[in-house]
Each structure stands twice: as C-alpha cells, then as structure tokens.
Amino acid sequence: MSDKNNLTEGGNAAFHNYINDFADIEDPMERRRLALEKMDNEGFGLAQVKIIVVAGVGFLCDAYDIFAINLGVTMLAHAYWGGKIPASTETLLKVSTSIGTVIGQISFGILGDVLGRKGVYGLELIIMISACLIQCVLGESPAINFSAIFTFCRIIMGIGIGGDYPLSSIITSEFSTTKWRGAIMGAVFANQGWGQLLAGLVALCCVSGFRSEIDKDHCDEACIKACDMMWRIVIGFGCVPACCALYFRLTIPESPRYTMDIENDIEKGAADTSKFTGDEKKGDIEEVVSQNGTIIEINNSKKGKEEAASTSASFKDFCRHFGQWRHGKILLGTAGCWFMLDVAYYGIGLNSATILQAIGFASSENVYKKLYNSAAGNLIMVCAGSIPGYWFSVFTIDPIGRKPLQVCGFAALTILLFVIGGAYHKLSEGGLLALRPIQEKIYTNKINSNATTFIIPGEIYPTAYRSSAHGISAASGKLGAIVAQCAIGTLVNRGCSKDNQNCFLPQVMMIFGAFMGAGTLLSTLIPETKRKTLEQLAEELHGEVQYHGPSISAASD
29 MSDKNNLTEG GNAAFHNYIN DFADIEDPME RRRLALEKMD NEGFGLAQVK
79 IIVVAGVGFL CDAYDIFAIN LGVTMLAHAY WGGKIPASTE TLLKVSTSIG
129 TVIGQISFGI LGDVLGRKGV YGLELIIMIS ACLIQCVLGE SPAINFSAIF
179 TFCRIIMGIG IGGDYPLSSI ITSEFSTTKW RGAIMGAVFA NQGWGQLLAG
229 LVALCCVSGF RSEIDKDHCD EACIKACDMM WRIVIGFGCV PACCALYFRL
279 TIPESPRYTM DIENDIEKGA ADTSKFTGDE KKGDIEEVVS QNGTIIEINN
329 SKKGKEEAAS TSASFKDFCR HFGQWRHGKI LLGTAGCWFM LDVAYYGIGL
379 NSATILQAIG FASSENVYKK LYNSAAGNLI MVCAGSIPGY WFSVFTIDPI
429 GRKPLQVCGF AALTILLFVI GGAYHKLSEG GLLALRPIQE KIYTNKINSN
479 ATTFIIPGEI YPTAYRSSAH GISAASGKLG AIVAQCAIGT LVNRGCSKDN
529 QNCFLPQVMM IFGAFMGAGT LLSTLIPETK RKTLEQLAEE LHGEVQYHGP
579 SISAASD
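Heads up: the sequence shown begins at 29 in our numbering, then just goes up one per residue.
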C-alpha cells in the first residue's frame, strides 16, 4: 500500500504521474531511481504522445512563422511596393527572422543551463505571440519606415523562435524513453511540416477568399487593400497554436535530470518528475548535501538547503571542456553540420516562391493566379516532400541510427543539387517541379540532417552543457541561413538582364551542393547515440558519470 506522505498532487494533469507508482518506497534516492528507470524503459504510449504535442506545437509555430513570410512577401509587394519589392528589402525581411533566431538560440540555450529548463520555458512563446500580434497592426506613416519597423518585429519574433530550439529539444530528450527517444524528438521536430502546411493552407484560403478583388493583371486600389489584409491574416494566424500551448509550457516542472545533476537535490528531483507527469510534492523537501561526489547527509534544515552542492558549470568550465579536441570535435560536428544544412535548406526554402516563378509555375502576370499558384506550389512541395519525409524519419531514426541517416542524407543532397544545377536548362518545367519534392523529402526525412541536426545535440552533451551546446549548434544553422540569404541568395540574378531573371540559379544550386558535400565530411565527427541513455552518453563521450542519482563529475583531463 502506498505511503500517503510520499504521494504528490497538483501540477499538469496532461502527464502521467510516475512518482506515485513508487510512493511506498521510503528511500528518496531509491524512489527517484525507480521513477527515472521506468521513464527510460517505458514503451511508446499516451504519455509520450503528450510530450510530443506540448513541445511540438512550438515547432509548428516556428515553421509557420518562418515560412509564412515566404508567402506573404508577394502580398506585401503589391500592398506597399507596386507589385515589385526591392531585392534588398526582400532579403532584409526574410533574413531578419534568422538574425533574431541566432540571438534567441544562444541566449535561451545559456539560460536553460543557468536558470533551469522550467525557468525559461514558455517565455519564448510569449515573445513569439507578442511579436506576431504587433506585426499584424503595423502601418506606414511619414514618421515611420514600414520596412524598418517590420524588420524589427521579425527580429524579436525570431528571438522567441530561437529559444524554442534548445529548450524543446532538451526537455523532450530528458523526459523521453531511451528506446524511442529519437522517434519522440523527431516527432516533435516533424511538427515543422504541419506548420509549413498550415501556412500554405491559410495563404490559399486568403487568396481564394479575396479572388474578386485580386483577379486582375494590374493591382488597383481594391486589390492593394486586399493584399494588405491578406498578409496580416497569413502572418497573424501563426500566434493561434502558440496561444493553445502556452499554458502547458508554463506549468511543466523542472526537468528531473537538471534538478538531480545540476542542483544535486534528490528529493526535489523526485518531486519534479511526478509534477511533470501530473502532480506536485507535499511537505518539506529533503536535501542531499554532497562533497566531491560523496553523499554526506540528508538535511531538511534551511542551512542544509543553502549548503547543497551545485554542479552548475561556468563559462570557463564550458571553454575548458570543449577546448579539448575529443569534446570540441563533437561540438564542431553538430554546429558545422547544422550550418552546412541550413545554407541550402533556407536558401531554397525561403526562396521557394522565387524558384517556382523561375521554373514558370507561378510566373503569371495575373495577381490572383500568381498568388494562388505560389501557395499551391508550396503545398505540393510540403505534402509530397516535407510531411512524408519528416514522418519517415520518425519511424527509421531509432532502428537505423542518427549517423547513417545524416551521412547518407548529405551525400544524397550533394548529388541531387549538382544534378539540378547541371541539368537545369535541359529539364522541363514539370521535371524541375517534380525534383523539388524529392529534394524536400531528402531534406526532411532525415535520410538527411534537418532532423538529425536537431536531435543529436539534444542527446550527445552532458546535462550541465546540454542546453548551451544545443543553442550554439542551432545558432550555427541559422548563421548558415543568413549566409544563404545575404550572400548566396543574392547571386541568383548575377549578370542577368531584366528579361532573364534568376539566370544564375543553376550555379547557386551547385554551390549549395558543395555545402552539402562539406556536411557529409563533418558528419563523420559525430558519434552514434541511438539506444543509449543520456547518462551512458555523458560518461562515454565526456568523462562524466551521471547515474540515476547525484552526478559524479570526473575531471575532464
């Protein structure tokens, strides 16, 4: 019979209460060990689905907000620039989100290790929602430059988007079952596909709804007003799913692994495990005071709590740790691969409307047909490539492993991009359109690294550095997106005449292929992580013994 003193209550009812399964165990260390052991060894069930939904909604919003601007730029062009937005302004609007994302990934990554996962989880959604709503009510006046204020809001929104990457990844990783950790993290990331789909559907509905106003070759006053309303709807709708997920993110507890490994608070860690799964701890919390990894006593006093050992790592510790090649090469691998991938992924993804127009699919002079075909073309690519690709990876990443999928994916993309670039002028419009979903499928099914670059940093680092290292890796990816937009993306019109726009696109595709080749080489630096607990990986790769109890940190050389 369970000990009522050890029962927990309250918390987030969306999650199963593991700790109450062992409430009859008096020893807090043993109770904690059994709870985490059950979490690690659990099968795939309702509890895991709930984790995917709570963390995944953020990625749905991330993808929606990032790719909605791709569809909204053409509408903005008719509303404010007479149908043709200046190339520099278009690049600025698209790259501004990536700039903010870099800031958010690094800052929230560090805060996740310093303040804890719970301390900052949910704040990123608040930032995203606020920035999204502000964008929808922006206008221009003699005293305000619309491009400048819109860019500023996109940067702020990017900070929120960036914060979601390290936090959702490591929280999902630290609460996932070992056997299906890759699938669960992959399913969280796969919500990006639904976000892209939702952005396309909202844009398509807007275009169809305003057809009577925009079905014309020249955008008159009614058409301009319709376009101004459409881009606000398309971008503003992105805050709806974020609002739905906000409560759950604000009410989840601290990650039990962070509590145990960093705060060295055993009883509180057991309570946090139960709170995450549905309940809160009653009564006082016993503190374990440890010195040099040796447990000395269990103390309930205020003094004991104040003297509890902390293993929080400083910036100096971080630099010393990753300054060693055996640790630093892992960070180079995760950060470098993500950089290489996003150069091509965002270079192509954020310019998909341009590419569709370049191959003739969305090149009509009629405003309605141009907007409709652009939205429909994006939906074709998402449905035929992204969504099947994301979910294919979910079912294969644990049985096959992260590293084989990543290496094969980079290699396949290298070949495909060189083929598209080399045979660009020999392929028909239909042939080029058919290759895009294939390319998108390779990107997202983790035959490539769009998901593996997200999953591996959430597993491969020890608890003390997991959030910061993931944030740095993710920020490297967004730096790649900035490079693609600011440097490589502007090359598509190099040496082109007015009648021959995007003439340098084939060469740009081959440049992207070269980056994929570099990603193939960098992937060899990353160890395999499948079917290993986070504690095993920390011990094997970082010289730290982290078992289901207080961490014992071996000096890293």
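Note that the Cβ used here is the ideal one computed from N, Cα and C, for glycine as well.
What you are looking at is a predicted structure, and each value in this text was computed from that prediction instead of being measured.
request  = Determine the DSSP secondary structure at Ile488, reduced to helix, strand or coil.
outcome  = Within the sequence shown, numbered from 1, the residue matching residue 488 stands at position 460. If DSSP states are grouped into helix, strand and coil, Ile488 belongs with coil.
inquiry  = Once DSSP output is grouped into helix, strand and coil, what is the label at Ser342?
reply    = By 1-based counting over the sequence shown, the position of residue 342 is 314. Correct three-state label for Ser342: coil.
inquiry  = Just to confirm before moving on: does the CB-CB distance between Ala451 and Asp256 stay below 7 Å?
reply    = Position 423 of the sequence shown, counted from the start, is the residue given in the question as residue 451. Position 228 of the sequence shown, counted from the start, is the residue given in the question as residue 256. No, Cβ-Cβ distance for Ala451 and Asp256 is not below 7 Å.
Of the listed residues Cys514, Ile79 and Pro114, nearest to Asn219 (C-alpha basis) = Along the sequence shown, one-based indexing puts residue 219 at 191. Considering only alpha carbons, the answer is Ile79.
Sequence-distant residues of the same chain with beta carbon closer than 8 Å to Gln76, five excluded per side = For the purposes of this step, residue 76 is taken as residue 48 along the sequence shown, with counting starting at 1. Closer than 8 Å at Cβ, skipping near neighbours: Glu70, Ser204, Thr205, Trp208 and Ile212.
inquiry  = Do Gly545 and Thr480 count as a contact pair if the criterion is CB distance below 7 Å?
reply    = To locate residue 480, count along the sequence shown from 1; it is residue 452. To locate residue 545, count along the sequence shown from 1; it is residue 517. Contact flag unset, no.
query = For the alpha helix (DSSP H) that Gln220 lies in, which residues bound it at each end?
reply = One-based indexing of the sequence shown puts residue 220 at position 192. Gln220 -> alpha helix (DSSP H) spans Arg209 to Gly237.
request  = Can you give me the start and stop residues for the alpha helix (DSSP H) that His106 sits inside?
outcome  = What you label residue 106 is simply residue 78 of the sequence shown in a count that begins at 1. Here the alpha helix (DSSP H) through His106 covers Leu74 to Tyr108.
Terminal residues of the alpha helix (DSSP H) in which Leu153 lies = Mapped onto the sequence shown, residue 153 falls at position 125. Segment Leu151 to Cys164, the alpha helix (DSSP H) holding Leu153.
ask   = Start and end of the alpha helix (DSSP H) containing Leu553?
value = Taking the first residue of the sequence shown as 1, we reach residue 553 at position 525. Per DSSP, Leu553 belongs to no alpha helix (DSSP H) and is neither H nor E.
message = Residues in the same chain with beta-carbon distance under 8 Å from Tyr286, minus the five sequence neighbours each way, listed in chain order, please.
response = Walking along the sequence shown from the start, residue 286 turns up at place 258. Closer than 8 Å at Cβ, skipping near neighbours: Gly144, Arg145, Glu202 and Thr491.
request  = Could you tell me how far apart the beta carbons of Leu151 and Gly191 are, in whole angstroms, since I believe they sit closer than 8 Å?
outcome  = The residue you call residue 151 lines up with position 123 of the sequence shown. The residue you call residue 191 lines up with position 163 of the sequence shown. Confirmed, Cβ separation roughly 7 Å.
key: Distance CB(Gly547)-CB(Cys365) smaller than 7 Å   = By one-based count along the sequence shown, residue 547 stands at place 519. By one-based count along the sequence shown, residue 365 stands at place 337. Result yes, Cβ atoms of Gly547 and Cys365 sit closer than 7 Å.
key: Glu202: CB within 6 Å of a non-hydrogen atom of the ligand COA   = Among the ligands in the structure shown, none appear at all, so the ligand COA cannot be discussed.
query = Taking three-plus beta-carbon pairs below 8 Å as touching, is the region 258-277 in contact with the region 225-233?
reply = yes
query = Taking Cβ positions, are Thr125 and Arg61 nearer each other than 7 Å?
reply = In the sequence shown, counting from the first residue as 1, residue 125 sits at position 97. In the sequence shown, counting from the first residue as 1, residue 61 sits at position 33. Against a cut-off of 7 Å, the Cβ pair of Arg61 and Thr125 comes out as no contact.
Cα-Cα separation, Tyr418 to Gly214 = The sequence position of residue 418 within the sequence shown is 390, counting from 1. The sequence position of residue 214 within the sequence shown is 186, counting from 1. One C-alpha to the other measures close to 8 Å.
Euclidean distance between Cα positions of Met185 and Ala439 = Sequence index remark: in the sequence shown, residue 185 carries index 157 (1-based). Sequence index remark: in the sequence shown, residue 439 carries index 411 (1-based). About 34 Å.
query = Which whole-angstrom value is the C-beta distance of Gly505 and Asp345, which I expect to be below 8 Å?
reply = Walking along the sequence shown from the start, residue 505 turns up at place 477. Walking along the sequence shown from the start, residue 345 turns up at place 317. No, Gly505 and Asp345 are not in contact; Cβ-Cβ is about 25 Å, not under 8 Å.
query = When we look at the beta-carbon of His570 and count the other beta-carbons within 10 Å, is it buried (16 or more) or exposed?
reply = By one-based count along the sequence shown, residue 570 stands at place 542. With 16 or more Cβ atoms within 10 Å of its Cβ, His570 is classed as buried.
inquiry  = Taking 6 Å as the limit between beta carbons, can you name the residues of its chain near Gln163, skipping five residues before and five after?
reply    = Working through the sequence shown from its first residue, we reach residue 163 at position 135. The answer, listed in chain order, is Cys181 and Ile263.
query = Apart from the five residues on each side of it in sequence, which residues of its chain come closer than 7 Å, Cβ to Cβ, to Gly84?
reply = Locating residue 84 in the sequence shown gives position 56, where the first residue counts as 1. Excluding positions up to five away in sequence, the list reads Ala215, Val216 and Asn219.
task = Tell me where the alpha helix (DSSP H) around Leu569 begins and ends.
result = Here the question's residue 569 lines up with position 541 in the sequence shown. Per DSSP, Leu569 belongs to the alpha helix (DSSP H) from Leu562 to His570.
request  = Whole angstroms is fine: what's the gap from Leu35's alpha carbon to Glu58's?
outcome  = Residue numbering aside, residue 35 sits at position 7 when the sequence shown is read from its first letter. Residue numbering aside, residue 58 sits at position 30 when the sequence shown is read from its first letter. Its pLDDT being 47, under 50, Leu35 is placed unreliably by the model, and the measurement read from it follows with that caveat. Roughly 15 Å separates the two Cα atoms.
query = In angstroms, rounded to a whole number, what distance separates the CA positions of Ala270 and Cys89?
reply = Residue 270 sits at position 242 when you count from the first residue of the sequence shown. Residue 89 sits at position 61 when you count from the first residue of the sequence shown. Taking the straight line from one Cα to the other gives about 6 Å.
key: Rounded straight-line distance, which links the Cα of Cys514 to that of Leu433   = The residue you call residue 433 lines up with position 405 of the sequence shown. The residue you call residue 514 lines up with position 486 of the sequence shown. About 30 Å.
query = Considering Glu202, what are the terminal residues of the alpha helix (DSSP H) in which it resides?
reply = Looking up residue 202 in the sequence shown gives position 174. Where Glu202 is concerned, the enclosing alpha helix (DSSP H) stretches over Phe174 to Phe203.
ask   = Which value, in whole angstroms, describes the spacing of the CA atoms of Leu562 and Thr200?
value = Taking the first residue of the sequence shown as 1, we reach residue 562 at position 534. Taking the first residue of the sequence shown as 1, we reach residue 200 at position 172. Each residue's Cα considered, the two are about 12 Å apart.
ask   = Just the Cα atoms here: how many angstroms apart are Lys244 and Thr557?
value = Taking the sequence shown and counting its residues from 1, one reaches residue 244 at position 216. Taking the sequence shown and counting its residues from 1, one reaches residue 557 at position 529. So the alpha carbons of these two residues sit roughly 55 Å apart.
Buried versus exposed call for Gln133 [16 or more other C-beta atoms within 10 Å across all chains shown] = On the sequence shown, position 105 is the one that residue 133 refers to. Gln133 should be labelled buried.
key: Residue span of the alpha helix (DSSP H) that contains Asp141, given as start and end   = On the sequence shown, residue 141 is found 113 positions in, with the first residue counted as 1. Unbroken alpha helix (DSSP H) run through Asp141: Ala115 to Val142.
query = Closest by CA to Phe72, which one among Ile157, Phe178, Leu399 and Phe423?
reply = Here residue 72 refers to the residue found at position 44 when the sequence shown is read from its first residue. The shortest Cα separation from Phe72 among Ile157, Phe178, Leu399 and Phe423 belongs to Phe423.
request  = Would you check if the distance between the CB atom of Ala512 and the CB atom of Leu99 is smaller than 7 Å?
outcome  = Translated into positions along the sequence shown, residue 512 becomes position 484. Translated into positions along the sequence shown, residue 99 becomes position 71. Cβ distance not < 7 Å, so Ala512 and Leu99 don't count as in contact.
query = At what residues does the alpha helix (DSSP H) containing Asp256 begin and finish?
reply = Residue numbering aside, residue 256 sits at position 228 when the sequence shown is read from its first letter. Glu249 to Gly264 is the span of the alpha helix (DSSP H), which, as asked, contains Asp256.
ask   = Less than 7 Å separating the beta-carbons of Leu74 and Gly361?
value = Taking the first residue of the sequence shown as 1, we reach residue 74 at position 46. Taking the first residue of the sequence shown as 1, we reach residue 361 at position 333. In this structure, Gly361 does not lie closer than 7 Å to Leu74 by Cβ.
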